[in-house]
Amino acid sequence: MGCMKPRVFSAMQPTSDSLHLGNYLGALVNWVALQEDYDAIYSVVDLHALTVSPEPEQLRSRTRRTAAQFLAAGVDPARSLVFVQSHVPEHAELAWLLSTFTGFGEASRMTQFKDKSAKVGESGTNVGLFTYPVLMAADILLYDTDLVPVGEDQRQHLELSRDLAERLNTRLGEGSATVPEPYIVKETAKIYDLQEPTKKMSKSASNGKGLIEILEDPKKVAKSIKSAVTDTGAEIRFDRETKPGVSSLLSIYSAIDGRSIEQLVEDYQGKMYGHLKVDLADAVVAYLTPIRDNAMEWIESPDSLDSVLDEGATKASAIARGTLERLYDRVGLLKPQRWR
Ligand code: ATP
Ligand code: LTN
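Residue numbers (my numbering): 3 to 342.
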């Protein structure tokens, strides 16, 4: 392993059968790019997914499907570690330690918790949902992570991870933790829902028609794009305020096609929304088809997939153990004799 390279870590929850274009363009594309210059570690965070009380069989299947999509998108297990969070018990162990460093008020300010708990109501909210960002900080700090590629919605959680790392360094001494930097690419940090173009594309969105799923039937993908909500007026131009619908389509187009938004606007001058949608639908389908085919191959060979995940967990665990032992020692936990 290239010890001198800086470390990148990121993760996704196995909460759906397919990732969507927001997950892909907002995060995964950057994971793939960063593995060139970084020592990369990517995880399917199944312990986080428990906060939404999934069906056991569905969780298991989605854990494999999520990992398969990482690999299909170009995460290369020869260069990067890919593993399932629950296979590395140090995540839950460090989360406990970090929870004792996290203020109650500090955790209460997390907007994602507020949004999610408001949706299910107090009686449906579990403590895991509240401490979710602490487990996320554990994921990151366990690997002395330098850089975390995510979408815009994760910025506040990352800020908490940074605060916790700094706090460990202050209270337990320098060198206790590495303070991670967010890596959020402005243009794709937020991909919008096709039906409600002021909201982020999300698997928990109320209207599934606004979602482009990577593993979906290409015909359905094309249909969703063609029925995307556009704005009043006929002109194709980029303006998030007054033309959120067309602007979202232009952002997606630019991200997958490589042309700048300015160039696309120029190319579509005098054309109608329909032209843009038809071309975009073709482009997205062409872009996703090989990824989908590759993901299906992994899903259909669970033994090969599980071997990749086992190897990832073994290597990740070796790194995680070192960090955990360092921190256990610094907080004053007695080391068992058999480990000395
Ligand atoms: P949920 O619907 O439960 O909020 P999600 O669709 O937001 O889920 P996550 O598993 O929370 O998906 O996110 C995985 C990664 O994808 C994170 O890095 C997140 O920032 C990124 N991401 C999610 N949605 C978008 C989006 N619409 N645009 C850009 N990035 C996104
Ligand atoms: N909360 C993240 C998933 C996540 C994560 C992480 C991302 C859990 N642990 C560590 C980056 C680093 C989300 O995507 N909803």
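Glycine included, C-beta positions come from ideal geometry on N, C-alpha and C.
None of the values given here were measured: they were computed from a predicted structure.
These are the residues, in chain order, with a beta carbon less than 5 Å from any non-hydrogen atom of the ligand ATP: M14, Q15, G24, N25, G28, A29, V152, G153, D155, Q156, K192, I193, K202, M203, S204, K205, S206. Taking 7 Å as the cut-off, the Cβ atoms of S88 and A42 do not count as close. Around the beta carbon of E215, 16 or more other beta carbons lie within 10 angstroms, which makes this residue buried. Exclusion of M112 from the 6 Å shell around the ligand LTN follows from its C-beta lying no nearer than that to any non-hydrogen atom of the ligand. Per the DSSP secondary-structure output, K245 pairs in a beta bridge with D241. Closest option to L61, judged by alpha-carbon separation, among G175, S20, L27: S20. Proximity of the beta carbon of H89 to the ligand LTN is not indicated: no heavy atom of the ligand is located closer than 6 Å. At a threshold of 6 Å, S20 does not count as near the ligand LTN, since its beta carbon sits no closer than that to any of the ligand's heavy atoms. DSSP, read as helix, strand or coil, puts A42 in strand. Here DSSP, grouped into helix, strand and coil, assigns A13 to strand. Annotation: the continuous alpha helix (DSSP H) that includes P292 extends over 275-301. Boundaries for F103: no beta strand (DSSP E) harbours it, and the DSSP string shows neither H nor E there. A straight-line Cα-Cα distance of about 37 Å links E302 and G247.
Shortest Cα-Cα distance from E299 to any of H50, A70, E154, R64 involves A70. Secondary structure in the stretch 81-167: the beta strand (DSSP E) runs of 3 residues or longer, each lying completely within the stretch, are 83-86, 149-151 in chain order. Between D284 and A224, the alpha-carbon positions lie close to 7 Å from each other. For V136, the closest C-alpha among the options E124, T104, G123, Q156 is that of T104. Non-local beta-carbon contacts of V286 in its own chain, meaning distances under 8 Å to residues more than five positions away in sequence, involve L23, I214, V223, A224, I227, I254, I258 in chain order. Rounded to whole angstroms, the separation of the alpha carbons of M203 and D195 is 4 Å. Proximity of the beta carbon of H93 to the ligand LTN is not indicated: no heavy atom of the ligand is located closer than 6 Å. Residues L144, S319, A322, R323, L326 of the same chain have their beta carbon placed closer than 7 Å to that of E92, with the five preceding and five following residues left out of the count. Collapsing the DSSP output to three states places E218 in coil. Across the set P79, L96, Q158, D117, the C-alpha of Q158 shows the shortest separation from the C-alpha of E108. By the 16-neighbour rule on beta-carbons within 10 angstroms, W33 is buried. Scanning its chain for C-beta atoms nearer than 7 Å, with the 5 sequence neighbours on each side dropped, one finds around G175 the residues R332, in chain order.
Beta-bridge annotation (DSSP): H50 is not paired with any residue. Per DSSP, the beta-bridge partners of P184 are V150.
Set against 6 Å, the gap from the CB of V31 to the closest heavy atom of the ligand LTN is not smaller.
Across the structure, M14 and A29 are spaced so that their CA atoms are roughly 9 Å apart.
If you draw a 10 Å sphere on the C-beta of T133, you find 16 or more other C-beta atoms in it, and that means buried. Taking C-beta atoms under 8 Å as the contact rule, T291 and P220 qualify, at a distance of about 6 Å. In this structure, the beta-carbon distance from L149 to L100 does not fall below 7 Å. Relative to the ligand LTN, even the nearest heavy atom lies 6 Å or more away from the CB of I227. In this structure, the C-beta of D148 stays at least 6 Å away from each heavy atom of the ligand LTN. At a cut-off of 6 Å, the beta-carbon of I43 does not count as near the ligand LTN: no heavy atom of the ligand is closer than that.
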